[in-house]
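Colleague:
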Amino acid sequence: MTDSRLDLARLLIESLASACPGSTVELRGSLAAGTADEFSDIDLRWTVPEHLFGQARGSAPSAIASITPLLSFRSDPDWQTSPSRRLLFARLAGVPVWWRLDLEVRTAVSDDADSTPAPSQDDVEWDPYESALQNALATVKAVGRGQEEQADDLLVRAYERIALDPLGTSRTDRIIELAEIIAGARPHLRGFADDVIAEASARF
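In case it helps, the numbering used here puts the sequence shown at residues 3 to 206.
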């Protein structure tokens, strides 16, 4: 209970709950189970009244940013047509790169299989370049956890997301190569790319 991620999670929970009357926010994943390691992110589930689903989605970025600045905010494209569920991902400033916020927003009547199109609603664009960088970071995480085979699969998928083949021979070289390509294509991701390079260089 001394993990400072828990302190941050509590603040986020309070801010999100305040942003939507009648909602509840719960901690999930390894932090909730007490099994978190240095690579664990922050998983939250935000259950909101059905008639406030759109309002909650719209207020999520500002509620999060009121606690710590946002570096990026994304919505999983697989759930962008659901009328009752979203999976949102936020990179947070001023905390370790591993502390991504994974936020599930759902109504009390959400069904995990629900994919019925909602009325015309715009969600945050899903950038394959940032997604590829997240895969590269997940590669480092998998190596740190001793999951070598999973690490190789993650790195392959990272390149596939931007339709490229790796040139580097070592895992570190391939991660650095990928990060530099992405930083060149998406200059606003330069800081994130540098973080990924630093983690890969320090741990491999």
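Quick reminder that beta carbons are idealized off the backbone N, C-alpha and C, glycines included.
Under a three-way DSSP split, which group does E151 fall into?
Modeller: Correct three-state label for E151: helix.
Colleague: Return helix, strand or coil for F41, following the three-state DSSP convention.
Modeller: Note: F41 maps to coil in three-state DSSP.
Colleague: Our contact map puts V76 next to F91 with C-beta atoms below 8 Å; I'd like the distance itself, whole angstroms only.
Modeller: The displayed chain sequence assigns Arg, not Val, to residue 76. About 5 Å; that satisfies the 8 Å criterion.
Colleague: What did DSSP end up calling R88 once you bin it into helix, strand or coil?
Modeller: DSSP places R88 in strand when its eight states are reduced to three.
Colleague: From I183 to E162, what does the alpha carbon distance come to, in whole angstroms?
Modeller: Cα-Cα distance, rounded: 13 Å.
Colleague: Considering only the beta carbon of each residue, do W48 and L13 sit closer than 9 Å?
Modeller: No, Cβ-Cβ distance for W48 and L13 is not below 9 Å.
Colleague: What is the residue span of the alpha helix (DSSP H) that G198 lies within?
Modeller: Residue identity differs from the one stated: residue 198 is Val in this sequence, not Gly. R192 to R205 is the span of the alpha helix (DSSP H), which, as asked, contains V198.
Colleague: How would you write the range of the alpha helix (DSSP H) that V142 sits in, first residue to last?
Modeller: That run of the alpha helix (DSSP H) goes P130 to G146.
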